[in-house]
Structures are given as C-alpha cells and as structure tokens.
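Everything on this sheet refers to the single structure shown next.
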Amino acid sequence: MSAERTIANALTFSELAAKEPAWALLRAKNAPAILTVLSAVFRGDNRQVPGSELLAATAQILPEVREQTGLELKLSTEAYIEEWVRSGFLTRRAPQDALEELYELSPGAHLAHDFVEQLHTPKRAVTRSRLSNVFNSLRALEADTDPDENRAIERLERQRDELQRRIDSIRVDGVRMVDTDDAVEQAREVISLIRDLPTDFARVQSEIEREDLKLREQILTDDRRGAEVLEEFFNGLDLIDQSDAGQAFNGFYRLLLDHQESARFEATHSEVLKRDFITNLDWEEQALLWGLMTTLRSSAGAVQEAKTRLSRSLRRFVQSRENESHKGLLDSIKNVEVAALQFTKNGGKTRHTLDIDLRLTRGQFSTAASWTLRDPADFHIETNVPIHQPGHLDPQELRARLRDTEVDWGELHLAINDLVEEGQQPTVAEVLQSRPATQGLASVVGLIQLARQRGNRTEGTELLRWTSPEGKLLQARYPTYEFREYVPTVTQLWDDQPTMKDNANA
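-16 is the number of the first residue of the sequence shown in the working numbering; add one for each residue after it.
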C-alpha cells in the first residue's frame, strides 16, 4: 500500500471516529448500559417507541443495570435520553398525527448493536451453506452477464438434464432430504440475514432523509441546480422517488406488494416453519423466523410512509413558495456576513460609517397619566370551590368502557384456543361461526391480525360474517387462514423471555 493511500485511510478513519455514531457508541464509557437499554426497549417489532414508553422503560431498566454491573450512571433518565439523541444513537421524530414524539434506533446504533452481537455469538467462519451461497450467486452472476447465446443454451440444457436426473432419482429412491445439522445450518444463514434487516431499513430511511435535505439545500443555495429541481417538480416528477435510495427501495417494495410473489413467499415461509428441524433452533432464532413476514411488512411500511411524507412535504415547500421566503432569509444572512467581514477588514472602528440601511423598530410613547394600575383583587375568586368526593370504581363498568375502545384480545385468544384444544384447525370464518364477534368489526379485525401473525395461509378465500353493534348482518371475503397451533397470549410470550437476572445466573 502506498504512503498516500495509508495517509488517506488514516484521515478517513479519523473523520469516521469523530462523526460516526456507531463508533462513538462503541467507545462510550457506559456503552454496555446504553446497548442494554436500547436492545431491551427496541426489541422485536418495537421499531418506533413513544417518548412516554421510552422514558418509563429506561427508568425501569437503568437501576437494575446499575445494581447488577456497578457502572456509574449518575444522570437522570431524561438526561440520558437527550444525550443519546444528541450523540446520534436515537432518532427523534414528531409525526403530524402522533400525540407525542416517537423514538427509534439510528443506523449507527443498529451497526453498533450488530457488531456487539457478533462478538457475543460469533458466526462460524466457514460453513458449507455459506460457501454454497457464494458459489450459486457467482454462477448466477456469470450466467446473467454472459452475452453468448450458445453458452446460454448449453447452460439451460445442462440444468434441464440435471432436473430430469433428479426427478428420475426421486421416482426410484424417493426424496433425499438434508440431515438436521445441514438444515439448521442453512436456517441460521437465513436468520443472519433477517437480523440485518432492521439495520438495512434504518439505513434506507436515513438515505431518503438525506436526499430530502440535499434537494432543499439545492433549491436554496444552488441557483442553477435549484432551478432544475423546481422545473422537475412542477413537471410532476417525484425527485425522492427518482433518487438512488428511492429507486432501490421501490424495487423491493413492489416485490413485497406483488400478490403472486408475496403469496408464494408466504407459503414457503409457512412450510419451512412446519419442518422438524425448527425445534433445534433456540427461542430467539425461532422468534425471528416466525416474525419474518411481520418484520418485512412493518419495516417496509414505515419506510414507505416516511418517503411519502417527505415527498409531500418537499412538494408543499416548493408549491407554496415557502422556499422563496427561506431563500430571502438566507440571502439576508449572507449580506450581513459580508458586511461584518468588510467591517473587520476596516479595522473594526466603532465610529466607522457603514453603507447599510437599517430599519429601526418604532416604539409608541405615552404619558404616565394614560396608564392604569392592575389590581390583583379584580381577579380574586370569592366563591368557594366545590369539593367532590371520589366515587366507587365499578370493575364491570370499566371493562365495558375498555371494550368500547380496544380489541378484547383475551376473548379472541380464548375463542381460537378452545377450538384448537378440541382438535380442530379452524379458519377465521369458523372461529366467527363458533364464537360470534361480540365487538363487531373490531373482533373481525383482531382475528385477521392474529391469523396473519400466527395462522397458516391456505389456498382460496372465505366469507367472514358478523353482526354489527346495531344488529346489522355484515360479511366480507378474505384470504383463508388456518389456526393449526395454540396461539399464545402476549403475557405468555413475555413470561417465556429470559430476564436480566436469569441471564446473570446463567
């Protein structure tokens, strides 16, 4: 390596050490505590957490971490959260429709967490599954980039002959499956890719946000490029969609929304989860596989929502001519900076005449006789404030109010599990037929959500029938899902997870 290249690397790494949040997190004094809190709060499907929930969870975890590890955690919970936001470990957003701010892990925090996870549970250096993936990808790349027609035909003929040979072998000897160890090895290769998905989605969203800022800066600071951006916007182009990050995500999102591909992928996912080797994976690995479809849909939906929101905001920024006021303010600031620079070049004399027209604010003066005194007694409340005695809380009334505002998940779990315990594999329609929807559409929506999370997709559709609270019979057609296993409740899932003290004892 040349000396110039070495120096360039040193400068690059120095810049990364100073600016990259992942690097800053790993070298932080309380990095173990930070990673413990962030991994505990933002686990599973908790991609975005409201500020109140983050504050409550962090306040509960920090004392336990301090007690178990002896780390010096002197700041308050609020101070630590603010520090993590300033350091780039957390991203804080304020959506228009949200009641409070939302927090999520930054791409740098994802990278730091993945790095520590690899240190804790290192991947096997070389596996047959990984080498096979490399060889297959390399062969596919060679085939897809080969312009020679004869070689392409020969390659397809070899594949056809190989497929025919395998078909003949199955007819004679039956299906030869890979052994359990190889199946577990391949599954863990897939799981390692699933673990990278949150980091990938966070990086894509960060790139889209940087593209939005870049376009706004071009509109305000670059006259030539800014004019091109404005013209493209008024011609109906979505420049965030046209960016590299936008196009890369759109390709993935279109594939996810493709009904045929999505159904095929979901069917494959369901079949894999039925295989016997799944029980050889640990609890966390099984949870990652089970939640794959939910992770893909929720993460992709969050990125798509952010991309759409930024595109609309940028379009409003252009069409409302708000950019012109921003540009005028920016020009005024530049003029002030030029005048200040010229003033310093002239020695900064206090009585030096500046060629600037300064508009002074005007104050209205009046005599003291026109003033009136404010008497606090005018606002004094003389009547007594009535005191109401607290009443009694009726648990049945409280439950009825909760049922009017939230889905009764306990009732839905009980309805499904009763039929499963009877030896049935009920569909959503069969659950509704056996246990009518007491909450109307809310019960139906809850069953559909449980079916997509815990059910198995089968062919065809079915008719869902229920009665509204007003007594009206309603129906809708929906893809068929079967409940083939016991559906655990949220409390049962939480009880199955190891606590910090369990990990310490282990």
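Glycine included, each C-beta is placed from N, C-alpha and C at the ideal position.
The beta carbon of T441 sits closer than 6 angstroms to the beta carbons of T463, E465 from its chain, once the five residues preceding and following it are set aside; these are given in chain order.
A direct Cα-to-Cα measurement between D144 and V155 gives close to 17 angstroms.
In the DSSP assignment, E172 falls within the alpha helix (DSSP H) that extends over 163 to 204. Note on geometry: alpha-carbon atoms of A39 and N119 lie some 48 angstroms from one another.
Spatial neighbours of V286 in its own chain (CB-CB distance under 7 angstroms, excluding positions within 5 residues in sequence) are listed in chain order as F184, V187, Q188, F232.
Judged by their CB atoms, F260 and A170 are nearer to each other than the 8 angstroms cut-off. Listed in chain order, the non-local C-beta contacts of R467 below 6 angstroms within the same chain comprise Q408, N439, local neighbours out to five positions each way being set aside.
Beta-bridge pairing by DSSP links L102 to no other residue. Excluding sequence positions up to five before and after E244, its CB lies within less than 8 angstroms of the CB of L238, all in the same chain and listed in chain order. Counting of Cβ neighbours within 10 angstroms places L324 among the exposed residues, the total staying below 16. Where Y63 is concerned, the enclosing alpha helix (DSSP H) starts and stops at 60 to 69. Within the same chain, and ignoring the five residues on either side of L18 in sequence, the residues whose Cβ sits closer than 8 angstroms to its Cβ are L8, A95, H96, V99. Taking 8 angstroms as the cut-off, the beta carbon of L102 is found no closer than this to the beta carbon of D195. Apart from sequence neighbours up to five positions away, the residues of its chain that approach Q230 with a beta-carbon distance below 8 angstroms are D224, ordered along the chain. In this structure, E268 lies near I174, with their beta-carbon atoms less than 8 angstroms apart.
When beta bridges are read from the DSSP output, V32 appears opposite Y86. Counting along the chain, the unbroken beta strand (DSSP E) around G443 starts and ends at 439 to 450. Contact annotation: Q436 and L446 have beta-carbon atoms that are not nearer than 8 angstroms.
No Cβ-Cβ contact shorter than 8 angstroms links A123 with R138. If you look at R76, you'll find it in the beta strand (DSSP E) that goes 73 to 76.
When the alpha-carbon of G284 is set against those of F235, R149, I370, A(-7), the nearest one is in F235. Note on geometry: alpha-carbon atoms of L256 and L176 lie some 17 angstroms from one another. The Cβ atoms of S281 and R30 lie closer than 8 angstroms to each other. Sequence-distant partners of N400 (beyond 5 residues in either direction) whose C-beta falls short of 7 angstroms from its own C-beta, in its chain, are Y469, V470.
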